[in-house]
Amino acid sequence: MKETKAYSASSAASPLSTDTIQRRDATERDVEIEILYCGICHSDLHTVRDEWSSFMPTTYPCVPGHEIVGRVVKVGSGVTGFKPGDVVGVGCLVDSDHSCPSCRADVEQFCPAATFTYNSPDKHLGGVTYGGYSESIVVDESFVLRVPSNLDPAGAAPLLCAGITTYSPIRRWGEIKGKKVGVVGLGGLGHMGVKFARAFGAHVVVFTTSPGKTDDAMRVGAHEVIVSTDAEQMQAHAGTFDFILDTVSADHDINAYIHMLGLDGNITLVGAPEKPLPVSAFALLFGRKSVSGSLIGGIAETQEMLDFCGAHGITADVEVIPIQKVNEAYERMLASDVKYRFSIDMASLKAE
């Protein structure tokens, strides 16, 4: 085993602070990675503060972080896909059973034995897994991803969660070129959804409650912006959308967006509101509309997404911070005071 510096929370009420954790020695299938950047995801905050205790209780100490870009420093004897010096990524998953129907279908995120990057049972060391707010990580080769060399590593880090979370439902929906696609919310997820939909050739419309976000929405790729609190604007576009990606985690009226869909239109939720959203059956029946949800993507699809980003020059809009500002970043994230993701420069951890 190897000692590694990290930032952890010791309880739901504790700030993140410096810590030392154990990483396993690389097995023949493992890749040891020096972490260069780690994105901050809203789920990091929820987990650190044990806000999902009803279905995913937090075990402390908790080292969050599942948007990891790093450099390979060592590979096991059986590793063939990576070598020292490669720039790679690690997302929300670090293992699965490799054999269940979900794994065989390349949707490892639905494997009953999926091992998440942090706060998941660690079959190697016992306890739970520790994430990317740390100097290094050791991961099974099957869950390591190649990061295109033309992508800025700080901006690429959020692709490992925010990127695949929005890419997957857009890609799965079908041929989107020339279609009218809406994105609800312009935050960490929303701005990625806009970039992907635009790159796929859709006519992209952002729904926002903030008129002041219009210029930024257009900057990241929107063709139009609808202020969703303006009833006249909403009615003018009613029944005209083929697909809507809903990225909002706060309580909101989903029926207002179902009303925007045309025949056979779909709205896919990637945000996770705390309370159930009432859905009008009649809103779905008239127009044969559908509501669905989506959770990240499998490893093959995540690699496809990274390659797509490399081909189109897509990264997240990030504010790079040192690890020492992570607690401040959490509060700013709650206040939506970031455009649009934080990316931690993990070199700052060496100063601890």
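Numbering that gives the first Met the number 0 numbers the first residue of the sequence shown as 0 and each following residue consecutively.
Ideal Cβ placement from N, Cα and C applies to all residues, glycine included.
Since the structure is predicted, the reported quantities are computational estimates derived from the model, not experimental observations.
In the structure shown, V193 adopts helical secondary structure according to DSSP, grouped into three states. Only residues of its own chain outside the window of five on either side were considered, and among them V337, F341 have a CB closer than 6 Å to the CB of E318, listed in chain order.
Residue ranges of uninterrupted alpha helix (DSSP H) with 4 or more members, entirely inside the segment 197 to 271 and ordered along the chain, are 213 to 218, 230 to 235, 253 to 257.
Going by beta carbons, G200 and Y339 fall outside the 8 Å limit. Counting along the chain, E300 sits inside the alpha helix (DSSP H) bounded by residues 298 to 311. Straight-line spacing of the CA atoms in V183 and T246 works out to 6 Å. Note on geometry: alpha-carbon atoms of D241 and G264 lie some 5 Å from one another. For the options E174, P63, L144, A25, the alpha carbon positioned closest to that of G69 is the one of L144.
Nearest neighbour of Y329 by Cα position, chosen from G162, L15, D49, turns out to be L15. The three-state secondary structure of L294, taken from DSSP, is coil. In the three-state scheme derived from DSSP, where H, G and I count as helix and E and B as strand, T3 is classed as strand. Approximately 6 Å separates the beta-carbon atoms of I67 and G88; this is inside 8 Å, confirming the contact.
Under the 10 Å beta carbon count, S52 is surrounded by fewer than 16 other beta carbons and is classified as exposed. Taking one beta carbon from each stretch, the segment 276 to 296 and the segment 191 to 209 have fewer than 3 pairs nearer than 8 Å; the two do not touch.
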